[in-house]
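Peer 1: Dumping the structure here so I can ask a few things about it.
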Amino acid sequence: MLDCVVHCCHLPFTFLNFCQATSGHWAIVIAINKVGTVEHGFPNQPSSLAHDPKLRLMAIATKSGALKIYGVPGVEFTGLHKETGTVTQMHFLPGQGRLLSLLDDNTIHLWEINQKNSYSFLEEVRIFRLPGRPGFDGTNAPPSITRITVILLKSFSKMACLGTEGGGVYFLDLPSMQLLDDGPLLQDEVLQAVPDDYKCGKALGPVESLQEHPTDPDKILIGYSRGLVLLWQQSTRQVENLILSNQQLESLSWERSSRTFVSSHSDGSYMVWPVNNARSRTQPITSSIPYGPFPCKAINKILWRTSETGNPFIIFSGGMPRASYGDRHCITIMQGKAQVTLDFTSRVIDFFTVHNIDPEQEYDNPRALLVLVEEELVAVDLQTPGWPTITPPYLAPLHSSAITCSYHISNIPAKLWERIISAGKQQHPQLSTVEWPINGGKNLALEPVHKGLLLTGHEDGTVRFWDASGVSLKPLYKLATANIFQTDADHTEGFPQCGEEDWPPFRKVGCFDPYSDDPRLGIQKISLCKYSNRLVVAGTAGQVIVMEFSDEKSERKMNLSTVDLLQDREGFTWKGHDRLSPKGGLISFAAGFQPNFLVQCIPPAAVTAVAFHTEWQLVAFGTSHGFGIFDDHRHQPVLARCTLHPNDSLAMEGPLSRVKSLKKSLRQSFRRIRKSRVSGKKRPSSSSPTSKVQEANAKLAEQDGPCEVEVTPVQRRIEPRSADDSLSGVVRCLYFADTFLRDATHHGPTLWAGTNSGSVYAYALEVPSREKWTERSTEAVLGKEIQLMHRAPVVSIAVLDGRGNPLPEPLEVSRDLAKAPEMQGSHSVLIISEEQFKVFTLPRVSAKTKFKLTAHEGSRVRKLGLMNFPSVASDEYSENCLVCLTNLGDIHIFTIPGLRPQMRYDCIRKEDISGIASCVFTRTGQGFYLISPSEFERFSLSTRNITEPRCVVAWESGREPLGPVSSLCNNLQGSPKVNRVNGTHKVQNKEESNSLGATDGVMDFPLALTPTPLDSPISSTDVTLDASGDMTVEDVKDYLPEC
Amino acid sequence: MSRSYGKPGSLRVFDMVAVEVKSKFGAEFRRFSLCRYKPGKFDDFYNLILHTHNISNMDVLIGYADVHGDLLPINNNDNFGKAISVANPLLRIFVQRKEEVDYDLFGTDSLTRKKKPLGGLRTDTLRKRVHLSISIPQDFRPVSSIIDVDILPETHRRVRLYKHGCEKPLGFYIRDGTSVRVTAHGLEKVPGIFISRLVPGGLAESTGLLAVNDEVLEVNGIEVMGKTLDQVTDMMIANSHNLIITVKPVNQRNNVIRSSRMSGSSGHSNDSTNSHHSISSAHVMQNYNPEDESDEEADIIIDGTEDPQSIPFKSLSSSFTTSRTNNGNLYQKIQKELTFNDSIKESKGNIFKTLTAIKAEARHSLALSRGGIEEDGTVITL
């Protein structure tokens, strides 16, 4: 009776758990809320970009068929095409809140922003496929003549023109998505107007560009790949203007006045052409190869924007000199003499300008240029001299250097928040301050009450601070740790700006830089104390850096210290990397977190656990060899404890190097296999370069691979863990607690450490009182050692107070921010291994309750969090729960200290190992995990604390409602707002609705929401889901009997 | 019931309180009675037996015939209590000199299965079998058993492997495979988990109960259908201290053939109870069966206080009695374990050393219960 699952049509995909509060009221504390998911970061593998100047929206779509629309920060829509395919083009129907997307399977999809419960949402409403036999994939079938190459949306969005591979132009009525009756414009018709000498028996090639005449919507500029450009009047089907160019055409752009247009070509040239209604041969007004005279690459896209202030802007991508800069990803902005070559670190996908669209105005006056490159979105302010970049308020490239760890901290005090923001602002003084130009829609979500900070550690030794309070993840501040070490490369921030004489005038833009100079700099663990503004950052080479926030920049000397974690172990030689050598002398630090001191572990293995207690001024850190405690106040080590198994160390050369050598030997044996195989077969012609041989070898090895696997099927050894297992000494978790370790009457500071082999060490700490701090040093005395018999790695330890609540964080009580823990009743310690949860009494450490997860479910604990779930009904009531993510990607919630399973939910696909590994829980019932190298997904488990886009976009009144469904596209099943992007979600609930206009009635979905039975096979069917029913707090309240 | 050992009792007025004991040593019988509700301790009972038979200078083994006619030993408070409680109303006791004990009589080789009257206990009739000189049941531990024969289909076999305290590795591998199931739609191929390899000399091989290509159906009562190889591997390892696997043997010729249930004892095996975790009626195994889940693999806690001497042994024993174990002979054991507790004291501070010490000590001085530390929920407080 206590737990029940609510079935109700207003709460799709929401499991509610009712727990009886102490007061006798019912309170909802947990809702696994898949509606409330948000993606943060940059979409993986973007493939197209679109802009709606009227509604001031922007859309980005990806190779996996995901579609995202952004407006003002907080306005976000997500959609996913039913078929996973690359979205090659997108076009907004300006002002209508509608969008056309073209997939690489040659289907056109119509998306619509609609409203429900006063919130907008995105849904797919129509699908269209050009009749004919489209080549489904370019690799097998020859390019089909009906393959759509370009789409032009005519003004007022009544019609779309589709240019095809075969050179035909088809006309599609909108929004009905039906071909118009008057027939397509095919090449034969065009060729009649072309002089014979130009025809010379060849086809015109695919349609490369379609541009509507700026003043006369009846005329279309059609550009063919071979170079022919014609201005065509649709109503009369007459060719008005004919331009014969001998260069392969890449792109066309009108000048606003419609007197001229510009064309760009595959040889890196662009030409400006007059429009003069003369049917004779026209010569270009100007023709230029901007990066000539040596052969250049094609200019893929060109824009011509007039400006009140002077010369027009010419903005184009590509065109770089083939030999010297052919590998650069560049966009050039030219205005008269001013020219800059924006140099990106990844491929340019597309770009657009935000400019004046009012037809009454004479000039375009572009305000900003937005460039979508493969790994980030870059915005350039075109109004401010020097064209500085604008930091986008969303789509942050989280992966600018690979993320190595993440850490979330909620309820940041306002003061620290402001200080971090101001430190971040000082880091980028050169950035533009103009308002973000994409600002359509209205964010209805309430300003988040609590500030949440997400910290990501990166491979290059930086820690990035993100505002994780709301729907959009904003970069706040970047902390670099590389500058305190001597590294091979000189770490000058930013790319040196090019001098005057350099040509082309490159300017490095964007921050995506995946190359790390030294992998040892990588950040492994982060711990931040939000009250004392101190930060501990630990890295791959055993470095532990304690930092303090300072508003002023400073120049100081680092306090250095080393801690030998091997102590007296003999016969051990570390064969891994060296430790980083710190810089001597004064180092200058910018405002922000500045290093206080540096502890380096010996041997310099990666730090695997960190704990930080600011009240006692102690830092604990662990590696694969042991753990240590360092006194933050006196700058001296308190304890070093080796956790290596003695048997292990006898034969040991360093656990990591052993693993490495195994890998190495495997690699070598594979190479040997490959070699022998190749030598047994006929070699390719001896003259071929070695690279080809290698390629062939690789292919052979690939081909033979599967057979080998079949011969020896995968088998798993069944053996209990033994103490001799390698890496058994890895310290997995460290935890400070004020509790009863030695006897039941005196509590005091303790440190708990858990290892990979199921050992737990508990130390009693003698922390001197504040007055005696200078005289006495902290001492650590071993209090207890616990060996879990199942020997599974200990992943987390927490002490529960007399009421069964987790102990508050340091300084929380003394600053009156948390209830003091109950010190009267007996404390207990919760020890979580990968296989079991166990609660032991303190100080005697006898087992009280336990839950054997692996024995029952076959899943293992990967990530763990203690969460507080406040009740929706009552502010007073909240429950603490243990939330665990397993290696199968499901989330289990348990009560504490009873360890009663509350619910289970499939969260991440079990194949998505990096997603599971990246998951981080917040204290307030949310979680983040990486759904791609560049995107975090945020999910909410709490009914009180939900982060999801709540926004509204108003379309213009002229939006024509959708007519009845055409017979062509009945098979469409809407797949709006789907949480599965990149296919990483597991979606359990199938709910399909035909959301076409005709069936736009009220749909009451019978919801059969049952969590998967605990031991049933996980259904791996990926089903899309409909989020048309939004869940609100009010809705939930309706179902609460008298709260 | 085919036999009638209740007969003598049925003639007299049945006293619910008294348990009639008929004790046989060699050819001698003694009769006495015990209070059903206050049977006392095993030690007292043992002394009483020695006393009534006038054999106080002898080491003997006491056994009794349970309801199924199986000869089961009485060697601790638990099985003594059980013996008393099942006496209906007569408790038939068999006393044997320790040196002459025929162990085959105990446990699984129950008396009834030999289709012989209890008189068959006479050592001379105990037949052609080679007399293996193995120690008394307390000294050895079972390594495996077939359990739940009475509730499983005959084509399945539920095998329990006792890894605890055993030096042998479990010694088997599992793999993915395809199995054929009979469903409503006829035969269907479904993925399954199979034993792929037995390590020579390993526990699994030495039991003879598992074979390569046996299909694994359950692990400790949880079906593996729909679970991946890795999941099943994790489940098996998590349960490795007390692993119960239900297999469908590839060789179906050696199945236990069940006769009718009417015999009352057919299919009875050591752990023949209706669930995998239930309290076993086979008290021979009491020492070794970590039946109480919470006690099955208690963790070792070593107190690292500076002066361990300050904790007297009294508190040590009290910690034992308050711990959740209810093994009757625990107290006895403590006394014997004191020796190795001393050794732990010396090696305090290093858990690995201690563990090694415990293992080493266990081998020598802890003949009584090897691995008992792990199993009995002992909290070692030094």
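Here the protein sequences line up with chains A and B, keeping their order.
Position one of the first sequence corresponds to residue 30 (my numbering), numbered consecutively onward.
Position one of the second sequence corresponds to residue 3 (my numbering), numbered consecutively onward.
Note that beta-carbon positions come from the ideal geometry of N, C-alpha and C, so glycine has one too.
#1: With DSSP collapsed to three states, give me the class of residue 283 (chain A).
#2: Within its chain, find whatever has a CB closer than 6 Å to the CB of residue 470 (chain A); leave out the 5 residues flanking it on each side and keep chain order.
#3: List the residues of chain A whose Cβ lies closer than 8 Å to the Cβ of residue 165 (chain B), in chain order.
#4: Using the DSSP secondary-structure output, state which residues sit across from residue 178 (chain B) in a beta bridge.
#5: Would DSSP call residue 444 (chain A) helix, strand or coil?
#6: Within the 8 Å Cβ cut-off, does residue 419 (chain B) reach chain A?
#7: Quick one: which unbroken alpha helix (DSSP H) runs of 4-plus residues sit fully inside the stretch 473 to 542 of chain A? Chain order, please.
#8: For residue 57 (chain B), go through chain A and note every residue whose CB falls closer than 9 Å to its CB, in chain order.
#9: Enumerate in chain order the residues of its own chain whose CB-to-CB distance from residue 19 (chain B) is below 8 Å, with the five nearest sequence positions on each side excluded.
#10: Taking the alpha-carbon positions, what's the residue 21 (chain B) to residue 81 (chain B) distance?
#11: Specify whether the stretch 435 to 446 of chain A and the stretch 945 to 955 of chain A touch according to this definition: at least 3 beta carbon pairs, one from each stretch, less than 8 Å apart.
#12: Which same chain residues, not among the five before or five after residue 484 (chain A), have their C-beta less than 8 Å away from its C-beta?
#13: Ignore the nearest five residues each way along the sequence and tell me which others in residue 655 (chain A)'s own chain have a CB closer than 8 Å to its CB.
#14: Between A:926, A:648, A:454, A:260, which has its C-alpha nearest residue 574 (chain A)'s C-alpha?
#15: Specify, as a first and last residue, the run of the alpha helix (DSSP H) that residue 237 (chain B) falls within.
#16: Go to residue 351 (chain A), then tell me how far its alpha helix (DSSP H) extends in each direction, as first and last residue.
#17: Could you work out which residue in A:340, A:626, A:509, A:159 is closest to residue 620 (chain A) when comparing CA atoms only?
#18: Is residue 815 (chain A) close to chain B, meaning its C-beta is less than 8 Å from at least one C-beta of that chain?
#19: Let me check understanding here. Comparing Cα to Cα, which of A:372, A:363, A:339, A:366 lies closest to residue 354 (chain A)?
#20: Let's see if you can read the secondary structure: which residues bound the alpha helix (DSSP H) around residue 882 (chain A)?
#21: How would you call residue 184 (chain B), buried or exposed, if buried means at least 16 neighbouring beta carbons within 10 angstroms?
#22: If you count every other CB in all the chains shown that lies within 10 Å of the CB of residue 965 (chain A), and 16 or more means buried, which is it?
#23: For residue 148 (chain B), decide whether its Cβ has a neighbour in chain A, counting only Cβ atoms nearer than 8 Å.
#24: Does the contact criterion of 3 or more C-beta pairs under 8 Å hold for the stretch 531 to 539 of chain A versus the stretch 603 to 610 of chain A?
#25: Quick check: is the beta carbon of residue 78 (chain B) nearer than 8 Å to any beta carbon in chain A?
#26: When the Cα atoms are used, what is the spatial distance from residue 466 (chain A) to residue 396 (chain A)?
#27: Do residue 194 (chain B) and residue 170 (chain B) count as a contact pair if the criterion is CB distance below 8 Å?
#28: When we look at the beta-carbon of residue 479 (chain A) and count the other beta-carbons within 10 Å, is it buried (16 or more) or exposed?
#29: For residue 65 (chain B), which of B:75, B:57, B:152, B:157 has the nearest alpha-carbon?
#30: Measuring alpha carbon to alpha carbon, tell me which of A:356, A:807, A:341 ends up nearest residue 368 (chain A).
#31: Could you tell me the boundaries of the alpha helix (DSSP H) in which residue 111 (chain A) lies?
#32: Determine contact between the stretch 922 to 937 of chain A and the stretch 442 to 454 of chain A, defined as no fewer than three beta-carbon pairs at a distance below 8 Å.
#33: Going by beta carbon distance, what residues of the same chain come within less than 6 Å of residue 80 (chain A), once the five residues before and after it are set aside?
#34: Kindly say whether residue 743 (chain A), judged by its beta-carbon, lies nearer than 8 Å to any beta-carbon of chain C.
#35: Taking just the CA atoms, how far does residue 957 (chain A) sit from residue 474 (chain A)?
#36: Would residue 177 (chain B) count as contacting chain A if we go by Cβ distances under 8 Å?
Peer 2: Considering the structure as presented:
#1: strand
#2: 100, 101, 104, 980, 982
#3: 749
#4: B:195
#5: helix
#6: The displayed coordinates of chain B run from 3 to 384. Any statement about residue 419 (chain B) would go beyond what the structure contains.
#7: none
#8: Within 9 Å Cβ-Cβ: nothing; residue 57 (chain B) doesn't reach chain A, min ~42 Å.
#9: 37, 38, 39
#10: 15 Å
#11: yes
#12: 435, 436, 437, 438, 492, 493, 494, 495, 555, 557
#13: 594, 595, 596, 669, 670, 671, 672, 673, 758, 760
#14: A:648
#15: 231 to 240
#16: 351 to 354
#17: A:509
#18: yes
#19: A:372
#20: 882 to 886
#21: exposed
#22: buried
#23: no
#24: no
#25: no
#26: 8 Å
#27: no
#28: exposed
#29: B:75
#30: A:341
#31: Element bounds for residue 111 (chain A): n/a, residue is neither H nor E.
#32: no
#33: 87, 381
#34: Included in the structure are the protein chains A and B, with no chain C among them.
#35: 20 Å
#36: yes
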